[in-house]
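Chemist:
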Amino acid sequence: MKFNAFIFGLLNVGGLDAWLSYMRTRESVWQKYYNRNALFVRANFGCTLHRDLVDRLIASARPLAKYRPAFDPLYECRKLHESLSNINNRTSWLLKKTARTLENETSRR
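For the sequence shown, my numbering begins at 2 and goes up steadily by one.
1. Please confirm whether Leu-17 and Ala-62 have their CB atoms less than 7 angstroms apart.
2. What whole-angstrom Cβ distance do Gly-10 and Pro-74 have, given they're in contact under 8 angstroms?
3. Using a 10 Å radius around the Cβ and a threshold of 16 neighbouring Cβ atoms, would you call Ala-39 buried or exposed?
4. Among residues of its own chain, excluding the 5 on either side of Lys-67, which ones have a beta-carbon nearer than 8 angstroms to its beta-carbon?
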């Protein structure tokens with residue numbers, strides 16, 4: 002969710018291509034946070050195929066900079082919260098129903 006919110010934010014400000022270009026040059030970041038098989042790592046350590054893929058990814062992201070879509074970076078977080086609230090409400094309802102059933106059974110005895 003955090004990564005998606007970050008990407009939505011970059012799209013909102015037209016900075017996705019700039020961030021990808023920046024990441025392309027930051028070896029210290031890849032070594033610290035990325036697996037050695039990650040695309041950026043492979044692209045910068047001799048693999049021509051991966052280098053071409055990163056170049057195409059950056060080139061594909063450039064036209065997006067002129068759009069300002071106004072994505073909600075917290076959309077997924079809100080949806081998760083709503084979903085958990087619904088589960089909690091259903092669980093609460095089920096517990097109440099079970100308690101009533103048990104009360105009815107014990108009062109019959």
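Even glycine gets a Cβ: it sits at the ideal position worked out from N, Cα and C. Since this is a predicted model, take the numbers as computed values, not measurements.
Modeler: With the given structure in hand:
1. Walking along the sequence shown from the start, residue 17 turns up at place 16. Walking along the sequence shown from the start, residue 62 turns up at place 61. Yes, they are a contact pair.
2. For the purposes of this step, residue 10 is identified with residue 9 of the sequence shown, where counting begins at 1. For the purposes of this step, residue 74 is identified with residue 73 of the sequence shown, where counting begins at 1. The pair is a contact, with the Cβ atoms about 5 angstroms apart (cut-off 8 angstroms).
3. Position 38 of the sequence shown, counting from 1, holds the residue named residue 39. Classification of Ala-39: exposed, given that the 10 Å Cβ count is below 16.
4. Start at 1 with the first residue of the sequence shown, and residue 67 comes out as number 66. These residues qualify, in order along the chain: Gly-15.
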